[in-house]
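Residue numbers (the numbering used here): 957 to 1317.
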Ligand code: UDH
Ligand code: MN
């Protein structure tokens, strides 16, 4: 072959190569339906009973709802980065600062309608950029539907503006039995992490409404107490080590501390126990400035089944001793129902006080 023909052959090969590359780019980016996307669309079941009786059996996952395939909204591989989106800006562009809070509950349909970007189970990720934070919002819950409606009406628009990749997990303790806020938060953490690789957990009382959207629901280098300034306490810390209400920890920090204690049944003490765990693990509680970390607390009476826990002072003396064996690694619960709602994932759980405290008190 003379040099001229060689050059022609080379050119043809080059054109074929470039055409191949362009075709590949087109088909990988043009929104070709994925298998999990197709299966998820067909999933119609929303409430599923689970007959399992322990925590390992409680993996009533959405995968069972969807013929063995994790739905797109919970898929581990569904980060926007796989779509080649740019990272979201460091400072989300549409934050307002101080917020007008809604104190009236809307219907669930209305809340879903006001937040059209939500995926089933109260999942969201920004459509046009890759979120910097993947956050599981865990709400310990029993019989406070009015509060939950008010909270989610306020929370979804704020978290969407904060450009988070997030999910709302409402951990609903079934009757009978004393309420155990800390254990519900442990369960929420475990159940959320089973479904998606969240980097961060925000534990959120149902009756605290954020008043400033610069209060970003992400996890910094140290555990963060988000609800530092609450109207009920005249927007001041009632005591310097307080950690109740709303708080954020990374997955790694929470695992290092073995989560919360499971032993606090009834009201009080579990948050102070966590503050002590944080110190024992070598972490420090951080807070946003008081003008940002502001919340309104919805007024309410004491709940039945959540009376003050007289054991809390005794328990708080043994935090360091219990930490390694009382927490994420000693969870026992079952999941009778998982309900995938438009605004949140409701996970009903059954726990048994005798089972948890047996031989420990
Ligand atoms: N929670 C429920 N249901 C219950 C009990 C507690 O959902 O039956 C959850 C809920 O997320 C709540 C959190 O647990 O926000 C903490 O419980 P709480 O709101 O009772 O705690 P708080 O510190 O208790 O607000 C103060 C006692 C209220 C008495 C006021 C009467 N004047
Ligand atoms: Mn309260």
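Yeah, the Cβ is synthetic: ideal placement off N, Cα and C, and Gly gets one too.
query = Hey, quick one: how far does the beta strand (DSSP E) through residue 1125 stretch, first residue to last?
reply = 1121-1129
ask   = Where residue 1135 and residue 1158 are concerned, what is the direct C-alpha to C-alpha distance, given to the nearest angstrom?
value = C-alpha separation (whole angstroms): 20 angstroms.
ask   = Under three-state DSSP, which class holds residue 1100?
value = coil
task = Helix, strand or coil for residue 1300, going by three-state DSSP, please let me know.
result = coil
ask   = For residue 1314, which residues does DSSP report across the bridge?
value = Its beta-bridge partners do not exist; DSSP assigns none.
key: Selection from 1168, 1186, 1113, 1105 that minimises the alpha carbon distance to residue 1060   = 1105
inquiry  = Between which residues of its own chain and residue 1241 is the CB-CB distance below 8 angstroms, once the five residues before and five after are set aside?
reply    = 1178, 1179, 1180, 1181, 1197, 1199, 1231, 1234
message = Please tell me whether residue 1291 and residue 1307 are closer than 8 angstroms, where the distance is taken between their beta carbons.
response = no
task = Please check the pair residue 1119 and residue 1076, which I expect to be a contact at CB under 8 angstroms, by giving their CB distance rounded to whole angstroms.
result = The pair is not a contact, with the Cβ atoms about 20 angstroms apart (cut-off 8 angstroms).
inquiry  = Does the beta-carbon of residue 1163, which I'm using as the reference point, lie nearer than 7 angstroms to any heavy atom of the ligand UDH?
reply    = yes
Reduced DSSP category for residue 1180 - H, G, I as helix; E, B as strand; rest coil = strand
key: Contact test: residue 1160 Cβ vs the ligand MN heavy atom, cutoff 7 angstroms   = Distances from the CB of residue 1160 to the heavy atoms of the ligand MN are all 7 angstroms or more.
message = For the pair the stretch 1122-1133 and the stretch 1144-1162, tell me if three or more CB-CB distances fall below 8 angstroms.
response = yes
key: Simplified DSSP assignment, three categories, for residue 1172   = coil
request  = Could you tell me the distance, in whole angstroms, from the CA atom of residue 1068 to the CA atom of residue 1074?
outcome  = In a straight line, the C-alpha of residue 1068 is about 7 angstroms away from that of residue 1074.
Local Cβ density within 10 Å of residue 1299, reported as buried at 16 or more and exposed below that = buried
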